[in-house]
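For reference, the structure discussed in these notes is given below.
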Amino acid sequence: MPYVNIRITREGATAEQKAALISGVTQLLQETLGKNPATTVVVIDEPGGELYYGSDVAAPVFADVMAESLRLLAVAPDGSTGFGHRRLSVIDLSDKSHQPMVDEELDLVLVFNGAIYNYRELRAELREKGYSFFSEGDSEVILKAYREWGERCPEYLHGMFAFVIWDRKAQRCFMARDRFGIKPLYYSLDERRLRFASNTQALLAGGDIDTSLDAEALHFQFTLHAVVPAPRTVISGIRKLEPGHSLTVDTDGQTDLRRYWHLEARRPAHPMSEDEWVEATHAALRRAVQRRNDVADVPVGVLLSGGLDSSLLVALLAELGMEDIRTFSVGFEDQPEEKGSEFEYSDQVVARYKPTHHKFLVPNDEVLKRLPEAVDAMAEPMFGQDAVAFYLLAEQVSKQIKVVQSGQGADEVFGGYFWYPKMQQESGEPVERFRHHYFDRDHPEYLRMVTEKYAVGDITGDYVAQRLSEAGADSFMDQVLRLDVTTLIVDDPVKRVDNMTMAWGLEARVPFLDHELVELAAQSPPEFRLREEGKYPLKRIARGILPDAVIDRPKGYFPMPALKYVRGDFLAFMRDILDSQACRERGIFNRKYIDMLLSAPEMHHTRIQGSKLWHMAVFEYWLQRHL
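This is the structure:
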């Protein structure tokens, strides 16, 4: 039986509006889920009244429920405000931490997505300053921190977060996003209203969004492996808050964007030996893993791919004395060119540490069948083949557990990708050294790919050149690694993992993106991190606590060979999308370019080994599913 709980945090809604709200949302659930109204419960929760709470509805349905709720309550640009939230209960499972969270004493309202790993320390500090607490979780700490430190409050938060606070007294919204953009925050702002959400689907469901394509964002999309740096998205009417930034919006529409964190990539004042760097890295990583395991009122597992990064998480948990370690692995069918799983390595880690292990093998026909669902879960178009893998893995893991640790970020922080040494060895202008080994398409090829309507200047080249020239980095490789960890990772692997896990109510925590660990690593010499084909500090830490075969194996990727070596049913699927009437009428791509890729899809891969045909097909398919 689906339940929907709607909390009204201000006076003004009439009895007629409330009745219409319950009736309208019930009808919506009936239409969307095919449920009988007699088995559907929609309730209203008002401060001071009787409280009703129910279980969650599916995320895609939630977006529609919110849009319909705001419409029926006549929330409009007249000064009215409406907050909605679908909670995944991980810290403080009681109803006291339900959201939207209203602090009547401070006159603040909060919606929050994420986890604050130092909330207990902040709670103690704020108590000493005279604040009292009505809940036991991390959400309320954000409210007190905002009242105490104002717009500087994100500086005090250690974790992953996207939150919005409505300050009733000041009549303004304050929103902030964590340093690496692990948690998303999308918004639409015009002269009438501000709307925000954790995904674009919710904003689109609300309607009245400019859904035209942003031509400059499109250039980023097809040049930087689907990375569209904030604040842009490919949809003109939807923006996203930059990582490490806060945004204040007043009721008169005035905005104040503030950067609260900047990563310095400079050597420390006092030089450190190699052994000292390894020791410091080991200690910082161990703290990061422990924080993400301990700050939860539910069990925490590990997504074990078989690579060095996720395997090291298991080893460090064992090193910390954790006995009940839960691990999860997924694999896919092999292709002649590439294996579809890394079970031969993950099995060795399981054999050594004896965790409670779950292993899933997904056949290709299941991948193709479930592709539409995975694309529906994408807040923005994603090119990484492992997006589908994470979606299918998260489905299975969510049946067992609510929170997992994942190894994303290690390659970016510690220089694990094959293109870093190539960039380092090349000479010339920084942007050209970067372009030659990373860009999916050079600018002339991009212009051949798109129609004249979407032809722009070399937007991506200009952006990368500017970012690489920013102060605070000692060398070219310092510049590259900083750009990767602060920008490229945000809209590629980190976004994929968050989208696909949260689609199933599973929270993924990424200890390699602990900001204290990243700040430490950024101070170390790039040559130290790039040694022995990259991630040298992690390999030193792992030696002796992981099998040598896992440490010394060639660099692997979350494999999904069927989306890389496109043939058979997968080729037919992509051909149907790109030959569809919708694609032709949209008029983004030149037909000659499409035909070239379709004639020999396995001949056209990007510099970082992605399928150019898949890029175009999944982008068009995302537009068809979402717009």
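Just so you know, numbering that gives the first Met the number 0 puts the end of the sequence shown at 626, numbered straight through with nothing missing. Virtual Cβ for every residue (Gly too), placed ideally from N, Cα, C. All values derive from a computational prediction rather than experimental measurement.
Taking 4 residues as the shortest admissible run, the stretch 123–206 contains the following complete alpha helix (DSSP H) segments, listed from N- to C-terminal end: 138–148, 199–204. For the stretch 391–431, the continuous alpha helix (DSSP H) assignments of 4+ residues that do not extend past its boundaries occur at 409–413, 418–424, in sequence order. With respect to the C-alpha of tryptophan 503, the residue from Glu15, Leu87, Ala19, Ser22 having the closest C-alpha is Leu87.
Under the rule that a run must span 3 or more residues, the beta strand (DSSP E) segments found entirely inside the stretch 252–276 read 254–258.
Rounded to the nearest whole angstrom, the C-alpha separation of serine 405 and glutamine 16 is 45 Å. The beta carbon of tyrosine 155 sits closer than 7 Å to the beta carbons of Leu121, Ala144, Trp148 from its chain, once the five residues preceding and following it are set aside; these are given in chain order. In the structure shown, valine 297 falls within a coil segment according to DSSP collapsed to helix, strand and coil. DSSP places glycine 243 outside both helix and strand once states are collapsed to three, so it counts as coil. The beta carbons of isoleucine 540 and histidine 281 sit about 5 Å from each other, so the pair counts as a contact at 8 Å. Lysine 95 and alanine 283 have their C-alpha atoms roughly 33 Å apart. Contact fails between the stretch 588–603 and the stretch 418–427, because fewer than three Cβ pairs, one in each stretch, are under 8 Å apart. Taking C-alpha positions only, methionine 499 is separated from glutamine 384 by approximately 12 Å. For phenylalanine 327, the enclosing beta strand (DSSP E) begins and ends at 325–331. DSSP, reduced to helix, strand and coil, places serine 235 outside both helices and strands of the structure shown, so it counts as coil. As computed with DSSP, alanine 114 is found in a beta bridge with Met159. At the C-beta level, aspartate 441 and lysine 611 stay beyond 9 Å of one another. In the DSSP assignment, lysine 358 falls within the unbroken beta strand (DSSP E) covering 355–361. When C-alpha distances from phenylalanine 331 are compared across Ile324, Ser340, Asp323, Arg325, the shortest belongs to Ser340.
Distances from the alpha-carbon of arginine 325 to those of Val301, Cys582, Phe342 put Val301 closest.
Counting of Cβ neighbours within 10 angstroms places aspartate 513 among the buried residues, the total reaching 16 or more. Following the DSSP letters along the chain, one finds glutamate 506 inside the beta strand (DSSP E) bounded by residues 506–508. Looking at the DSSP output, serine 610 bridges to His604.
When rounded, the separation of the alpha-carbon atoms in arginine 119 and glutamate 515 is 18 Å.
Exclusion of the five residues before and after glycine 533 leaves Gly414, Gly415 as the residues of its chain whose Cβ lies within less than 6 Å of its Cβ.
Counted as a single uninterrupted DSSP element, the alpha helix (DSSP H) harbouring aspartate 568 occupies residues 567–577.
The beta carbon of glutamine 623 sits closer than 7 Å to those of Ala581, all from its chain and outside the five residues before and after it, given in chain order. Cβ atoms of phenylalanine 588 and valine 449 come within 8 Å of each other, at about 6 Å. Taking the CA atoms as reference points, isoleucine 550 sits about 32 Å from isoleucine 115. Less than 9 Å separates the beta-carbon of glutamate 215 from that of arginine 231. Just measuring C-alpha positions, the residue of Asp568, Val509, Leu570 sitting nearest serine 309 is Val509. In the displayed model, phenylalanine 82 falls within coil according to three-state DSSP, outside both helix and strand. Rounded to whole angstroms, arginine 432 and aspartate 457 show a C-alpha spacing of 16 Å. Each residue's CA atom was taken as its position, placing tryptophan 165 and methionine 159 some 20 Å apart. Here methionine 100 carries a strand assignment [DSSP, helix/strand/coil].
For the options Tyr130, Ala386, Leu307, Tyr462, the alpha carbon positioned closest to that of phenylalanine 511 is the one of Leu307. The three-state secondary structure of alanine 373, taken from DSSP, is helix.
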